[in-house]
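See the structure below:
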């Protein structure tokens with residue numbers, strides 16, 4: 282029941298986010314955020330975002346690690362007395378929810394790092410605009426500048442590298458910006474794409490507008506740092522609470538084998554395990570949402 286509640290809650294939150302960004306797009310410009318590729322094939326927005334954030338190497342690692350985790354966990358449960366059907370179902374549920382949770386943690390870290398770097402990126406764009414550099418060359422310089430950064434900071438390099446590649450093969454700037462905005466669910470970056478798109482269509486002093494946007498983002502960054510310090514205790518408590526069930530299972534496996542066998546080999550115990558896993562993940566999701574104050 283808890284698992285279904287978590288799935289429904291996440292779907293409802295995602296729907297609200299999509300409606301919000303559609304309203305923002307209608308408010309600031311007439312172009313729509315789209316995930317349509319140049320070939321005409323339509324890709325899911327979540328897949329494009331995942332590829333941009335994780336990168337090619339990590340995507341390949343996850344594609345190998347997820348099936349291995351399902352097979353390994355299923356074998357472990359079967360060896361400890363659980364039926365194969367129940368073991369496979371539980372393994373799939375735990376793996377999918379675990380991967381979803383870990384990915385969203387990695388995504389949040391990458392988006393936070395990207396948000397912190399964005400004022401510096403805008404400063405670089407201002408300098409390029411003032412010397413009259415083409416937008417494609419500006420994107421290439423930014424991508425090269427952050428190419429040697431760590432994984433989280435390399436998101437900037439991947440995103441702007443993709444934008445440069447699309448412009449190099451003749452894609453319109455507005456279409457390139459809309460696809461980039463769909464791949465990167467950061468409000469500040471989407472505001473940047475709206476500014477660039479409007480300037481492309483109407484003209485104007487782009488450097489001044491970018492300067493004002495950079496100052497605004499720095500102010501938001503300071504406010505978000507204050508919010509993070511306020512919610513740090515709650516987030517630490519959530520991590521401790523999430524680790525307790527795992528520690529209890531390890532204690533039962535080593536010191537209370539009969540209790541561990543009851544959980545693994547009986548229908549009642551398996552229901553308890555499923556309930557605990559679903560409840561813990563749902564609780565972590567709620568704590569994450571409650572402590573994620575929007576600055």
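Residue numbers (our numbering): 282 to 576.
Don't be surprised by glycine CBs; every beta carbon is placed ideally from N, CA and C.
Length of the line joining the Cα atoms of residue 335 and residue 539: By one-based count along the chain shown, residue 335 stands at place 54. By one-based count along the chain shown, residue 539 stands at place 258. Those two C-alpha atoms are separated by around 42 Å.
Residue from 411, 501, 546 and 537 with nearest C-alpha to residue 486: Here residue 486 refers to the residue found at position 205 when the chain shown is read from its first residue. Ranking 411, 501, 546 and 537 by Cα distance to residue 486 puts 411 first.
Element boundaries [alpha helix (DSSP H), containing residue 419]: Within the chain shown, residue 419 is the residue found at index 138, counting from 1. First-last of the alpha helix (DSSP H) with residue 419: 416-426.
Three CB pairs or more closer than 8 Å across the segment 441-457 and the segment 414-421: yes
Residue span of the alpha helix (DSSP H) that contains residue 366, given as start and end: Within the chain shown, residue 366 is the residue found at index 85, counting from 1. Per DSSP, residue 366 belongs to the alpha helix (DSSP H) from 365-411.
Cα-Cα separation, residue 376 to residue 491: Numbered from 1 along the chain shown, position 95 holds the residue referred to as residue 376. Numbered from 1 along the chain shown, position 210 holds the residue referred to as residue 491. Distance between the alpha carbons of residue 376 and residue 491 is about 43 Å.
Sequence-distant residues of its chain with Cβ nearer than 8 Å to residue 455 (five each side left out): The count along the chain shown starts at 1 and reaches residue 455 at position 174. So the list reads 312, 478, 481 and 482, once near-sequence residues are dropped.
Reference residue 372, options 523, 524 and 351, closest by Cα: The residue labelled residue 372 in the question sits at position 91 within the chain shown. The candidate whose alpha carbon is nearest that of residue 372 is 351.
Residue 452, DSSP secondary structure in three states: Looking up residue 452 in the chain shown gives position 171. The answer is coil: DSSP assigns residue 452 none of H, G, I, E or B.
N- and C-terminal bounds of the alpha helix (DSSP H) containing residue 481: The residue given as residue 481 occupies position 200 in the chain shown. Element bounds for residue 481: 468-483.
Environment of residue 348 [buried if 16+ CB atoms lie within 10 Å]: On the chain shown, residue 348 is found 67 positions in, with the first residue counted as 1. Its Cβ having fewer than 16 others within 10 Å, residue 348 is exposed.
Stretch-stretch touch, CB-based, cutoff 8 Å, three pairs: the segment 436-443 with the segment 455-466: yes
Inter-residue spacing [alpha-carbon to alpha-carbon] between residue 561 and residue 530: Mapped onto the chain shown, residue 561 falls at position 280. Mapped onto the chain shown, residue 530 falls at position 249. Rounded to whole angstroms, residue 561 to residue 530 spans 14 Å at the Cα level.
Pair within 8 Å by beta-carbon distance, residue 420 and residue 395: Taking the first residue of the chain shown as position 1, residue 420 is located at position 139. Taking the first residue of the chain shown as position 1, residue 395 is located at position 114. No. Outside cutoff.
Residue 328 classed as buried or exposed, judged by whether at least 16 other C-beta atoms fall within 10 angstroms: Residue mapping note: residue 328 aligns to position 47 of the chain shown, counting from 1. Its Cβ having fewer than 16 others within 10 Å, residue 328 is exposed.
Span separating the alpha-carbon of residue 367 from that of residue 426: Within the chain shown, the letter at position 86 stands for residue 367. Within the chain shown, the letter at position 145 stands for residue 426. Their Cα atoms are separated by approximately 50 Å.
Cβ contact check for the segment 398-405 and the segment 492-503: 3 or more pairs under 8 Å: yes
For residue 499, the nearest candidate out of 518, 513, 469 and 510 (CA to CA): For this step, residue 499 is matched to residue 218 along the chain shown. Nearest of 518, 513, 469 and 510 to residue 499, Cα basis: 469.
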